[in-house]
Amino acid sequence: MKKFYSVVFLLITIVVFGQINYTITPNPFNETDAITLTVPGDQIDESAWGVSNNAIYIWSWSFDTNYQNSQDCPTNGSWNNSNDLNKLNYNAATDSYSLTFTPTAFFGRTGIGRFGFLLKDKTGAHQTSPDIFVNVGTLSLNLTNPLANSLTTVPVGNSVSVTASTNVNATFQLKANGIVVNSTTTPSQSYSYSYTVTQDASMELVATQGTSSKTAAFIVQVPRNVVSEAIPNWIRQGINYHPTDQTKVGLALYAPGKSFVHVIGSFNNWTVNDSYLMKKDTTNPDLYWIELNGITPQQLYTFQYRTNDLRKVADPYSPQILSSYDDQWISASTYPNLPAFPAGQGFEVSTFKTGQTAYNWQVTNFQRPAKEDLLVYELLLRDFTQEKNWQSLIDKITYLKNLKINAIELMPIMEFEGNLSWGYNTSFHYALDKAYGTPEKFKEFVDLCHQNGIAVILDVAFNHATGRSPLVRLWNVDPDGDGYGDVAANNPYFNQVPKHSYNVFNDFNHTSPSTQYYVERCLQQWLTEYHIDGFRWDLTKGFTQSCSENDEACTNAYQQDRVDIMKHYADRQWALDPNSYMIFEHLGTDAEEQQWANYRIAEGKGVMLWNKQTDPYNQNTMGYQENSNYDRMNHSLHGFTNMSAVGYGESHDEERLMFKNLAYGAVNGSYNVKDLNTALERMKTFGATFFTIPGPKMIWQFGELGYEFSINRCANGSIDNGCRTDEKPVAFTLGYDTNANRKAVYDTWAKIITIRNSHPVFKSKTYSIESNNLTNDPNGLITRIYVYDTTITTGTKNVVVLANYTTSAQNVVPYFPYTGQWQNLMDDSISNVTSTTAPITLQPGEFRIFGNYAGALSTVDTNAAYKLSLQIADNPVKNGAPKFVFSKAKNGEISIFDMTGKKLDSFKLDKENGSYEAKFSYPAGTYLVQLKSDTGIAIQKMIIK
Numbered sequence: 001m002k003k004f005y006s007v008v009f010l011l012i013t014i015v016v017f018g019q020i021n022y023t024i025t026p027n028p029f030n031e032t033d034a035i036t037l038t039v040p041g042d043q044i045d046e047s048a049w050g051v052s053n054n055a056i057y058i059w060s061w062s063f064d065t066n067y068q069n070s071q072d073c074p075t076n077g078s079w080n081n082s083n084d085l086n087k088l089n090y091n092a093a094t095d096s097y098s099l100t101f102t103p104t105a106f107f108g109r110t111g112i113g114r115f116g117f118l119l120k121d122k123t124g125a126h127q128t129s130p131d132i133f134v135n136v137g138t139l140s141l142n143l144t145n146p147l148a149n150s151l152t153t154v155p156v157g158n159s160v161s162v163t164a165s166t167n168v169n170a171t172f173q174l175k176a177n178g179i180v181v182n183s184t185t186t187p188s189q190s191y192s193y194s195y196t197v198t199q200d201a202s203m204e205l206v207a208t209q210g211t212s213s214k215t216a217a218f219i220v221q222v223p224r225n226v227v228s229e230a231i232p233n234w235i236r237q238g239i240n241y242h243p244t245d246q247t248k249v250g251l252a253l254y255a256p257g258k259s260f261v262h263v264i265g266s267f268n269n270w271t272v273n274d275s276y277l278m279k280k281d282t283t284n285p286d287l288y289w290i291e292l293n294g295i296t297p298q299q300l301y302t303f304q305y306r307t308n309d310l311r312k313v314a315d316p317y318s319p320q321i322l323s324s325y326d327d328q329w330i331s332a333s334t335y336p337n338l339p340a341f342p343a344g345q346g347f348e349v350s351t352f353k354t355g356q357t358a359y360n361w362q363v364t365n366f367q368r369p370a371k372e373d374l375l376v377y378e379l380l381l382r383d384f385t386q387e388k389n390w391q392s393l394i395d396k397i398t399y400l401k402n403l404k405i406n407a408i409e410l411m412p413i414m415e416f417e418g419n420l421s422w423g424y425n426t427s428f429h430y431a432l433d434k435a436y437g438t439p440e441k442f443k444e445f446v447d448l449c450h451q452n453g454i455a456v457i458l459d460v461a462f463n464h465a466t467g468r469s470p471l472v473r474l475w476n477v478d479p480d481g482d483g484y485g486d487v488a489a490n491n492p493y494f495n496q497v498p499k500h501s502y503n504v505f506n507d508f509n510h511t512s513p514s515t516q517y518y519v520e521r522c523l524q525q526w527l528t529e530y531h532i533d534g535f536r537w538d539l540t541k542g543f544t545q546s547c548s549e550n551d552e553a554c555t556n557a558y559q560q561d562r563v564d565i566m567k568h569y570a571d572r573q574w575a576l577d578p579n580s581y582m583i584f585e586h587l588g589t590d591a592e593e594q595q596w597a598n599y600r601i602a603e604g605k606g607v608m609l610w611n612k613q614t615d616p617y618n619q620n621t622m623g624y625q626e627n628s629n630y631d632r633m634n635h636s637l638h639g640f641t642n643m644s645a646v647g648y649g650e651s652h653d654e655e656r657l658m659f660k661n662l663a664y665g666a667v668n669g670s671y672n673v674k675d676l677n678t679a680l681e682r683m684k685t686f687g688a689t690f691f692t693i694p695g696p697k698m699i700w701q702f703g704e705l706g707y708e709f710s711i712n713r714c715a716n717g718s719i720d721n722g723c724r725t726d727e728k729p730v731a732f733t734l735g736y737d738t739n740a741n742r743k744a745v746y747d748t749w750a751k752i753i754t755i756r757n758s759h760p761v762f763k764s765k766t767y768s769i770e771s772n773n774l775t776n777d778p779n780g781l782i783t784r785i786y787v788y789d790t791t792i793t794t795g796t797k798n799v800v801v802l803a804n805y806t807t808s809a810q811n812v813v814p815y816f817p818y819t820g821q822w823q824n825l826m827d828d829s830i831s832n833v834t835s836t837t838a839p840i841t842l843q844p845g846e847f848r849i850f851g852n853y854a855g856a857l858s859t860v861d862t863n864a865a866y867k868l869s870l871q872i873a874d875n876p877v878k879n880g881a882p883k884f885v886f887s888k889a890k891n892g893e894i895s896i897f898d899m900t901g902k903k904l905d906s907f908k909l910d911k912e913n914g915s916y917e918a919k920f921s922y923p924a925g926t927y928l929v930q931l932k933s934d935t936g937i938a939i940q941k942m943i944i945k
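For the sequence shown, counting from 1, position 176 maps to 176 in UniProt numbering; every step adds exactly one.
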């Protein structure tokens with residue numbers, strides 16, 4: 001349009017030639033940005049133009065993104081009468097003209113790629129020339145072939161067509177491995193070039209507009225001819241040291257779907273070299289391997305695998321991982337001489353070193369505690385000592401030994417992301433995380449534990465892996481080329497969509513043989529290299545392929561595939577180490593857990609299951625009757641044949657008992673559970689009603705010192721669910737172990753555990769727990785525990801534990817099984833019991849542990865004639881009419897319970913000796929029959945066919 005007016009008014013318009021100076025801010029800009037056009041006042045001779053009051057106008061027009069389809073600015077007005085909306089603003093202080101506008105609003109259109117303008121007076125008698133053109137839009141580059149960040153495989157001598165476009169005119173440079181192979185000098189919005197491939201090349205196309213430039217990258221790669229050859233028998237997946245030659249190392253990577261793999265590392269300056277092209281195994285063509293020769297013994301080497309699709313990963317079976325993210329924060333005191341991460345590498349790298357000196361184990365034949373005797377101390381090293389390393393834990397071994405525990409369960413110590421973690425964000429399950437120290441120090445810790453009779457159990461999270469895992473990164477969807485992304489459909493290890501409702505990170509598919517091999521190799525590494533005694537398997541509900549990620553009901557229900565998968569892993573672990581512990585954190589249905597608890601028990605096997613009793617125990621310690629029954633501490637109520645239920649009141653995953661005691665404890669007059677010392681006394685009673693129950697037990701760190709900081713405590717002291725995994729204050733740093741009242745809890749627990757360990761009766765499977773029985777104790781919160789073993793002929797064979805969890809003194813009927821001398825096992829005092837039902841006064845929060853006085857026993861039981869007896873004739877019962885035979889049952893009552901502890905029936909007996917025939921129709925299953933009388937309590941298991 002401007003040209004039209006220039007021609008029409010040629011005879012009457014005075015043209016000022018010579019392009020004027022101007023600025024536009026910001027620049028570059030988009031069509032929706034507000035911009036300011038500024039012209040210095042000296043660019044226009046107002047007097048020559050005959051302009052008064054600085055009346056200078058802009059005449060402007062716009063183009064589309066192809067610089068076509070010109071349209072006048074709607075507010076131009078007419079050439080001989082400019083619209084005052086287009087009048088420039090004059091600033092006398094700076095002697096300049098300016099106009100601020102947004103292109104889309106000013107030109108009344110979108111899709112603007114350029115606009116032109118000139119300056120004029122109102123009537124068009126004077127104007128500037130030539131026309132000025134301004135490109136709209138920040139420079140953008142679209143690589144159309146090959147796509148940006150893509151990989152193109154092209155044989156040597158063939159060409160690849162490189163095409164691209166920009167939104168504004170630009171010049172282009174094409175680079176191969178940093179060398180310019182083509183360039184243009186004429187600005188254009190399109191680029192096309194045919195590049196002839198001579199070698200692998202990292203390609204860059206650079207578009208430049210003025211001072212702005214954009215770069216798009218892609219890779220050109222030539223195909224490789226991979227040798228197919230049988231893998232040597234000394235090499236398997238991972239890093240392998242030759243059995244006799246320290247100058248040889250074998251590497252093997254399982255990589256289905258990859259067409260070739262190179263090894264890059266410190267031995268070839270991290271370059272792709274076909275001398276390090278891996279071979280394919282003839283039997284398993286998805287297995288790539290290479291034998292490295294000329295290795296210098298005792299020299300550390302670092303390496304990665306680089307696949308044909310440009311994935312660079314560490315070895316999944318590397319015992320040591322170096323990380324550019326995490327290693328810089330590890331102190332020299334924790335990990336002396338930590339190898340430096342290789343410069344120029346971004347992703348994790350593996351290491352190997354031949355000729356290493358093997359650790360000299362002091363204990364090579366450790367006798368592990370029997371499963372039913374386990375007293376497990378669950379520990380997070382990060383929060384256990386201020387130094388957070390193996391040496392500091394070694395320094396605390398006496399503290400742990402004197403507590404009398406016989407196992408330590410470490411929260412995950414496999415390579416995890418970051419350094420301050422619970423450890424469940426595992427990326428390399430095979431490698432020891434460096435945040436806590438060296439492999440040698442960890443072995444020293446395990447060895448020292450074994451010297452002190454303490455087993456070491458590792459918590460393992462095999463249900464998932466994080467995005468840093470090479471098993472994820474080798475087969476992921478990575479659109480931006482940063483090496484990370486979601487699991488791809490062809491991943492042989494993981495589900496693209498989780499198969500259970502509790503998933504985090506990437507969900508392993510445990511029906512995959514690839515996953516099973518990986519898990520089994522990791523188990524072998526920890527059992528053999530570090531002499532670990534067993535594993536606590538985290539979140540075993542995640543080991544199913546039968547549910548969806550949003551179906552919690554399905555995840556919690558019995559799943560046969562999960563039963564089979566976990567039995568397979570049990571078989572594999574026991575094949576590696578027949579006596580190793582296998583503990584599941586399942587917290588599921590009894591029916592499913594029974595499948596594992598009773599699995600291969602005839603061979604002395606069987607899996608142990610976590611048995612959470614946090615809520616009922618905490619109700620007792622706080623002093624509240626509701627939901628305070630912890631009878632399910634009894635393994636038989638789960639339907640387990642052996643004592644396979646690992647009972648606990650606290651774990652890393654539960655709120656601390658003492659926190660709730662102090663925050664919500666009951667108050668009764670002057671007795672206040674919220675008072676620290678009162679709450680600590682009640683924690684002693686917790687120990688009495690916990691450790692005396694036969695079977696494996698677990699405590700969480702510092703519970704023995706009454707640790708009261710919430711699981712959700714933040715660093716600033718506030719409480720928030722988002723701080724659940726944050727660091728917590730260290731009890732030793734706070735002086736809890738030297739505080740008399742807190743140390744008294746530790747000492748009391750140690751004393752109770754000593755009693756348990758020194759009396760064989762606590763190995764007995766015949767015991768009962770009476771917790772919150774409102775029939776006997778209307779106020780609730782009274783505990784009676786009876787442990788007995790009739791096969792014991794000398795020593796303590798009967799134990800009675802009494803506890804008062806109310807907030808007032810109570811007269812507790814003990815129901816001793818018989819009269820005679822009973823010993824208080826805490827202080828060794830002797831009581832002569834003449835009535836089994838004579839009440840004993842217990843103060844609030846007080847407990848007693850009685851054992852029949854061993855000194856009064858001989859090989860002949862002098863009390864046998866006075867003892868209560870209960871037998872079930874023809875057990876299992878087949879006709880719904882059981883016959884109960886009893887003796888010495890004065891004022892007796894028989895009660896029937898199902899395995900959940902629910903009372904089904906009760907019958908009063910009208911005689912002391914005799915039999916009682918009952919009639920009922922219960923479903924087939926296992927039931928408990930309890931006979932309670934003035935002479936004590938007897939319990940038998942009844943099976944109905």
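Glycine included, each C-beta is placed from N, C-alpha and C at the ideal position.
How would you label W329, buried or exposed, when you count the other beta carbons within 10 angstroms and need 16 or more for buried?
Working through the sequence shown from its first residue, we reach residue 329 at position 329. W329 should be labelled exposed.
Apply the 10 Å Cβ neighbour rule to I937 and answer buried if 16 or more other Cβ atoms are within range, or exposed otherwise.
The count along the sequence shown starts at 1 and reaches residue 937 at position 937. Looking at its Cβ environment, which holds 16 or more other Cβ atoms inside 10 Å, I937 is buried.
Do L375 and I753 have their C-beta atoms closer together than 8 Å?
Reading the sequence shown from its first residue, position 375 is the one you call residue 375. Reading the sequence shown from its first residue, position 753 is the one you call residue 753. In this structure, I753 lies closer than 8 Å to L375 by Cβ.
Quick check: what's the CA-CA separation for D245 versus L251?
The residue given as residue 245 occupies position 245 in the sequence shown. The residue given as residue 251 occupies position 251 in the sequence shown. Rounded to the nearest angstrom, the two C-alpha atoms are 15 Å apart.
Of the residues R600, E552, L539 and Y558, the one placed nearest H568, counting alpha carbons only
Here residue 568 refers to the residue found at position 568 when the sequence shown is read from its first residue. Comparing Cα positions, the closest option is R600.
In angstroms with no decimal places, state the Cα-to-Cα distance between F640 and D571.
If you number the sequence shown from 1, residue 640 lands on position 640. If you number the sequence shown from 1, residue 571 lands on position 571. Taking the straight line from one Cα to the other gives about 19 Å.
Quick one: what's got a C-beta closer than 8 Å to P285's C-beta in the same chain, skipping five residues either side?
Locating residue 285 in the sequence shown gives position 285, where the first residue counts as 1. Excluding positions up to five away in sequence, the list reads S228.
Excluding the five sequence neighbours on either side, which residues of its own chain have a C-beta within less than 6 Å of the C-beta of I295, listed in chain order?
Position 295 of the sequence shown, counted from the first residue, corresponds to residue 295. Excluding sequence neighbours, I295 sits near T247, V249 and T354.
What three-state label does DSSP hand D789 in the structure shown?
As a first step, residue 789 must be located in the sequence shown, where it is residue number 789. Looking at D789 - three-state DSSP - the assignment turns out to be coil, as it is neither helix nor strand.
If we call anything under 8 Å between Cβ atoms a contact, is Y736 one with F702?
Here residue 736 corresponds to residue number 736 of the sequence shown, with the count starting at 1. Here residue 702 corresponds to residue number 702 of the sequence shown, with the count starting at 1. Yes, these two residues count as a Cβ contact at 8 Å.
With distances taken from CA atoms, which of G665, W610 and H759 is nearest I699?
For the purposes of this step, residue 699 is taken as residue 699 along the sequence shown, with counting starting at 1. Ranking G665, W610 and H759 by Cα distance to I699 puts W610 first.
Pick helix, strand or coil for I755, following the three-state DSSP scheme.
Taking the first residue of the sequence shown as position 1, residue 755 is located at position 755. Helix at I755.
Determine, using beta-carbon pairs with one atom in the stretch 497-509 and one in the stretch 540-557, whether at least three such pairs fall under 8 Å.
yes
If we require 4 or more residues per run, which alpha helix (DSSP H) segments fall completely within the stretch 545-625?
552-556, 560-576, 590-597 and 614-622
Kindly indicate which three-state DSSP category M643 falls into: helix, strand or coil?
For this step, residue 643 is matched to residue 643 along the sequence shown. M643: coil per DSSP, three-state reduction.
Starting from the C-beta of N308, find all residues in its chain whose C-beta is less than 6 Å away, skip the five residues before and the five after it, and write them out in chain order.
Walking along the sequence shown from the start, residue 308 turns up at place 308. Excluding positions up to five away in sequence, the list reads K258, S259 and F260.
Taking a contact to mean a Cβ-Cβ separation below 8 Å, would you say L842 touches N804 in this structure?
In the sequence shown, the residue the question calls residue 842 occupies position 842. In the sequence shown, the residue the question calls residue 804 occupies position 804. Closer than 8 Å, so yes.
Please report the straight-line C-alpha distance between T555 and T357, rounded to a whole angstrom.
Walking along the sequence shown from the start, residue 555 turns up at place 555. Walking along the sequence shown from the start, residue 357 turns up at place 357. Near 47 Å, if we compare the C-alpha coordinates of T357 and T555.
With 16 as the cutoff for other CB atoms within 10 Å, does K697 come out buried or exposed?
Walking along the sequence shown from the start, residue 697 turns up at place 697. Buried, since its Cβ has 16 or more Cβ neighbours within 10 Å.
Taking the beta carbon of K280 as the centre, do at least 16 other beta carbons fall within 10 Å, making it buried, or is it exposed?
The sequence position of residue 280 within the sequence shown is 280, counting from 1. Buried, since its Cβ has 16 or more Cβ neighbours within 10 Å.
Give me the Cα-Cα distance between Y927 and I943, rounded to the nearest whole angstrom.
By 1-based counting over the sequence shown, the position of residue 927 is 927. By 1-based counting over the sequence shown, the position of residue 943 is 943. So the two alpha carbons sit approximately 6 Å from each other.
Through-space distance from N875 to F907, alpha-carbon basis
On the sequence shown, position 907 is the one that residue 907 refers to. On the sequence shown, position 875 is the one that residue 875 refers to. Looking at the two C-alpha atoms, the distance is approximately 19 Å.
Using 8 Å for Cβ pairs, my map puts N145 next to V162. What's the rounded Cβ distance?
Here residue 145 refers to the residue found at position 145 of the sequence shown. Here residue 162 refers to the residue found at position 162 of the sequence shown. Their Cβ separation, rounded to whole angstroms, is 7 Å, which keeps N145 and V162 in contact under 8 Å.
Exposed or buried, which one is A688 when buried takes at least 16 other CB atoms within 10 Å?
Taking the first residue of the sequence shown as position 1, residue 688 is located at position 688. Buried: at least 16 other Cβ atoms inside 10 Å.
Alpha-carbon to alpha-carbon, F686 and Y617
Within the sequence shown, residue 617 is the residue found at index 617, counting from 1. Within the sequence shown, residue 686 is the residue found at index 686, counting from 1. Distance between the alpha carbons of Y617 and F686 is about 7 Å.
The stretch 151-158 touching the stretch 176-185, judged by at least three CB pairs closer than 8 Å:
no
By DSSP's criteria, P40 is part of a beta bridge. Which residues make up the other side?
Sequence index remark: in the sequence shown, residue 40 carries index 40 (1-based). BP columns for P40 point to S96.
Kindly indicate which three-state DSSP category A864 falls into: helix, strand or coil?
Walking along the sequence shown from the start, residue 864 turns up at place 864. Summary for A864: the model assigns pLDDT 41, below 50, so the residue's position carries little reliability; its value from the coordinates is reported in the next sentence. Correct three-state label for A864: helix.
Mapping DSSP to helix, strand and coil, what is V750?
Taking the sequence shown and counting its residues from 1, the one referred to as residue 750 is at position 750. As written in the sequence, residue 750 is Ala, which differs from the Val given in the question. Three-state DSSP puts A750 in a helix.
Ordered list of alpha helix (DSSP H) runs contained in the stretch 359-410, each at least 4 residues:
381-384, 390-394 and 397-402
Give me the residue from T104, V607, V168 and V761 with the minimum Cα distance to T793.
Translated into the one-based positions of the sequence shown, residue 793 becomes position 793. Comparing Cα positions, the closest option is V761.
T935, DSSP secondary structure in three states:
Position 935 of the sequence shown holds residue 935. DSSP places T935 in coil when its eight states are reduced to three.
State the start and end residues of the unbroken beta strand (DSSP E) segment that holds K697.
Along the sequence shown, read from residue 1 onward, the residue named residue 697 stands at position 697. Residues K697 to W700.
Compute the Euclidean distance between the alpha carbons of K175 and T110, then round it to the nearest angstrom.
As a working note, residue 175 is residue 175 in the sequence shown. As a working note, residue 110 is residue 110 in the sequence shown. Each residue's Cα considered, the two are about 35 Å apart.
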